[in-house]
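Notes to accompany the following structure.
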Amino acid sequence: MQDKDKPLWRSMLYVPATSEKFIEKAHERGADAIKIDLEDAVAPKEKDTARKLVKDAAQLVSRGSADVLVRINRPLRMAVADIEASIWPEVCGLVLPKVDSADQINFLCEIITELEEERGLDIGHTKLMVLIETPRGYSNVRSIASSSKRLSAIALGQEDFSAEMGMLEPEGMSLLSYYQTVQVAAREAGILPIGYPGSIAEFTDLELFRSNAMVARSLGFDGGACIHPKQVPILNEAFTPTE
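Be aware that the sequence shown starts at 2, since it is given in the working numbering, and climbs by one per residue.
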């Protein structure tokens, strides 16, 4: 049963901020949330251009019923520039990558609050989803998950986390214990655990993707991210709350 105070984010579709084609069609894909990506999907030389596109992109992808989030960059100087480009009425949240500590979140929340005040938005309008992608972040996952009232969701970033851990064969199931730790931290903090065992980049084998989503649902996760429209209905089906 879905908590009425939590967002319904069964499916969270990434779209590059710089891809006009994907931005234009994103609202038609049926995803619960659309993540405008300023991070992995945008080349370093295009970051400044991408920031300038966020406001218009948010207006376009918000034409449907999906929540709109923006995934920002790290390190800090890039994160601050991304946040300044992303606080708008149409953007309900930010996705923070490589979160290492609660202090990091609290610092960014101060900036977000200042921008909400400047732009006439309610304080707290902008929610947060955090990605655990480093050993330090994993060690601090419980304090991170409970660090701010803005937090709505938390996820393990499989690719970056497994690389940081030096894992030679980072298959989804080898990370199950890490996923479950993140899931427990989310439940303890009252926020959504997002994710599934398996790579977000693997969208050619939809039956494997479906199987991974069902495993995640059985473990108590509430949704997953994807990069291809064909993955959206699979996530919606797998993570639809029971009555």
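Ideal Cβ positions, reconstructed from N, Cα and C, are used throughout, including at glycine.
Query raised in the report: Cα separation between M174 and V100?
Result: 23 Å
Report task. Kindly indicate the opening and closing residues of the beta strand (DSSP E) around G225. Result -> Segment G225 to C227, the beta strand (DSSP E) holding G225.
Report task. Reducing DSSP to helix, strand and coil, say where Q138 ends up. Result -> For the sequence presented, residue 138 should be read as Gly rather than Gln. Reduced to three states, the DSSP call for G138 is helix.
Query raised in the report: So V62 packs on I24, CB below 8 Å; how close in whole Å?
Result: 6 Å
Query - A58 in three-state terms, based on DSSP - result: If DSSP states are grouped into helix, strand and coil, A58 belongs with the helices.
Query raised in the report: Exposed or buried, S247, counting other C-beta atoms within 10 Å across all chains shown (16 or more means buried)?
Result: Residue 247 lies beyond the residue range present for the chain, which begins at 2 and ends at 244; the question has no answer from this structure.
Query raised in the report: Can you tell me whether DSSP reads Y15 as helix, strand or coil?
Result: strand
Query - Bridge partners - V69, DSSP secondary structure assignment - result: I35
**Report entry** Contact check, Y197 vs G158, beta carbons under 7 Å
**Finding:** no
Query raised in the report: Nearest CA to the CA of P76: which residue from A58, I106 and Q60?
Result: It is I106 whose Cα lies nearest to the Cα of P76.
Query raised in the report: Does the segment 236–243 come within contact of the segment 8–15, defined as at least 3 CB pairs closer than 8 Å?
Result: yes
**Report entry** Three-state class that DSSP yields for M166 in the structure shown
**Finding:** The answer is coil: DSSP assigns M166 none of H, G, I, E or B.
Requested in this report: Helix, strand or coil for K48, going by three-state DSSP, please let me know.
Outcome: helix
Report task. Select from I195, D49, K48 and A202 the residue whose C-alpha is nearest the C-alpha of M215. Result -> I195
Requested in this report: Tell whether a beta-carbon distance below 7 Å holds between K22 and R72.
Outcome: no
Report task. Please report how far the alpha carbon of V16 lies from the alpha carbon of K53, in whole angstroms. Result -> 15 Å
Report task. Take P230 and list the residues in its own chain whose beta-carbon comes closer than 6 Å to its own, dropping the five residues that flank it on each side. Result -> R30
Query raised in the report: Since L97 and V43 are thought to touch, with beta carbons under 8 Å apart, how far apart are those beta carbons, to the nearest angstrom?
Result: Contact doesn't hold; Cβ gap of about 16 Å is too wide.
Requested in this report: Could you give the DSSP three-state label for P234: helix, strand or coil?
Outcome: helix
**Report entry** Strand pairing of G1, partner residues [DSSP]
**Finding:** No answer is possible for residue 1: it lies beyond the span of the chain, which begins at 2 and ends at 244.
Report task. State buried or exposed for R64, treating a residue as buried only when at least 16 other CB atoms are found within 10 Å of its CB. Result -> exposed
Query raised in the report: How would you write the range of the beta strand (DSSP E) that I106 sits in, first residue to last?
Result: Per DSSP, I106 belongs to no beta strand (DSSP E); it is in the alpha helix (DSSP H), A103 to E119.
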